[in-house]
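Here the numbering used here is used: the first residue of the sequence shown is 1, the next is one more, and so on.
We put the beta carbon where it would ideally sit given N, CA and C, even for glycine.
Reading through the structure tokens given below for one structure.
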Amino acid sequence: MRFDTIIKNGTVVTASDTFKSDVGICDGKIAALAGCLDNAHEIIDATGLYVMPGGIDSHVHIAQPSGDGIVMADDFSSGTLSAAFGGNTTILPFCMQEKGTTLREALKDYHAKAEGNCHIDVSFHLIITDPTAYVLGQELPALVEDGYTSLKVFMTYENLRLRDDQILDTLDSARRSGALVMVHCENEDAIRYLIGQHEEKGELAPKFHALSRPVAAEREATHRALSLAEIVGTPIVIVHVSNRQAMEEIERARKRGSKVAGETCPQYLLLTADDLDATELEGAKFVCSPPPRDKESQLACWEGLQNGTFELFSSDHCPFRFDDDGGKLNEKGKRNFRWIPNGIPGVETRLPILFSEGVSKGRIDINRFVALSSTNHAKQYGLYPRKGTIAIGSDADIALWDPRKSVIVTNDILHHGADYTPYEGLEVVGWPIRVLLRGTTIVDEGVFKGQSNGGTYLRRDRTA
Ligand code: URP
Ligand code: ZN
Ligand code: ZN
């Protein structure tokens, strides 16, 4: 048999196994796993490298309307390019319904933004902000049939949050149609109260963002989301979990029999609330929600990645420029933390951080790395086994990792549209040096070799 491409002499890693094998690729799919494959148009020597499934980042915000003159730093072109350089082959950005509009209108808009501009494969989660009878009764069931099988609801942010009755109605519609619901758990009323308290005292610097969003606000909302899902009888995903108390809520719900997945992100492993207390307005660079906590919370999140509280490790890439009128330091944001847009960039650094801090430092093994960064995302969101593994018949989405390569992360080596990285100066050991999307090399030794429109849109199966 003649293959299009053979990856030779590498160590193949999946979520369950590590083995020496060549990988034969035909028509963009993995066609053979065996020793001594040798008949191909192209042979890639992977001696000393790990051959892993391309990363799947299932929590990414790109070109999302942010209101008030605020503009996200990435469009689909820069966001997917940055993701590719970070070892990813699929990302799942959010398509946000704006109040007063329909889901179909939001999708038309997002597809127009993405079409022809994606360097890697993409698939959208919906964000529901206006759960009308039409949206929940007509649109959502039809869209799930069309492959939009997951959605996010917010318990915080004035313009996005749903009330409990709206969350119940949304969970109910999702249960009937088989959509999976992701929940952002923070208690908006408690946060509003605390913001008011800080404003009264003139406490307006970025560090008060973290103080106005305490662990208790996240824990309470996590408990409530899990309770509402239990009452309706539908699985949920608790996204971007930052601390032990919220993790304990997830574990308790599982013990009661609930089906719940947990997600955490790099910022909760490497940053703390002290980062928001930097000199001048530098702290604005780290403003995200939930905010980074403390060292103990970092340890808790590591434990959760090790013991299965978390199945998903995502970036929550939500990039804004720092020194920019439309970004973190907009006129109002300079004067009061409540106007600093929430979110930080991270789609390109997610995998090197997990590899370096997790695998290279001995906190997780290489199979767990693959599970947390790729396979579980594909399983959770209806892409498995087409994506997320190295198996015969799967798309040949592959990242070749050099486990010894040391890189200092600085903003100038990254490809996102933000003008900073929260991880400036961090040394990582382990780097994705070559990335293949459906069998075609798209990144090789720091050079983009693919096509700026080479990504496709992925319809997904139900998993809920
Ligand atoms: O601060 C964050 N995380 N911004 C992104 C939006 C979200 O809540 O996921
Ligand atoms: Zn969120
Ligand atoms: Zn997010």
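- Residue 90: member of the beta strand (DSSP E) spanning 88-96, first to last residue.
- Residue 436: member of the beta strand (DSSP E) spanning 427-437, first to last residue.
- Residue 55 has 88 as its beta-bridge partners, per DSSP.
- Under a 10 Å Cβ-count criterion, residue 1 is classified as exposed, with fewer than 16 other Cβ atoms of the shown protein chains found around its own Cβ.
- Straight-line measurement puts the Cα of residue 28 at about 32 Å from the Cα of residue 127.
- Residue 125 has its Cβ no nearer than 7 Å to any heavy atom of ligand 1.
- Residue pairing for residue 457: DSSP places it in a beta bridge opposite 122.
- Counting other Cβ atoms within 10 Å of its Cβ, residue 12 reaches 16 or more and is therefore classed as buried.
- The DSSP-derived three-state label of residue 157 is coil.
- When the five nearest sequence neighbours on each side are left out, the beta carbons in the same chain lying within less than 6 Å of the beta carbon of residue 360 are those of 429, 430, in order along the chain.
- Here DSSP, grouped into helix, strand and coil, assigns residue 26 to strand.
- The three-state reading of DSSP puts residue 189 in helix, counting H, G and I together.
- In this structure, DSSP gives residue 42 an extended state, which the three-state scheme calls strand.
- Remark: C-beta atoms of residue 239 and residue 183 approach each other more closely than 8 Å.
- Within 7 Å of the C-beta of residue 318 there is at least one heavy atom belonging to ligand 3.
- Per DSSP, the continuous alpha helix (DSSP H) segment holding residue 247 begins and ends at 244-255.
- Beta bridge pairing from DSSP links residue 401 with 50, 432.
- Ranked by Cα distance from residue 289, the options 93, 282, 276, 310 are led by 276.
- Cβ contact annotation for residue 223 (same chain, cutoff 6 Å, sequence separation greater than five): 249, in chain order.
- Taken from the Cβ of residue 242, every heavy atom of ligand 1 lies 7 Å or farther away.
- Bridge pairing for residue 406: 429 [DSSP].
- The Cβ-Cβ distance between residue 56 and residue 346 does not fall below 8 Å.
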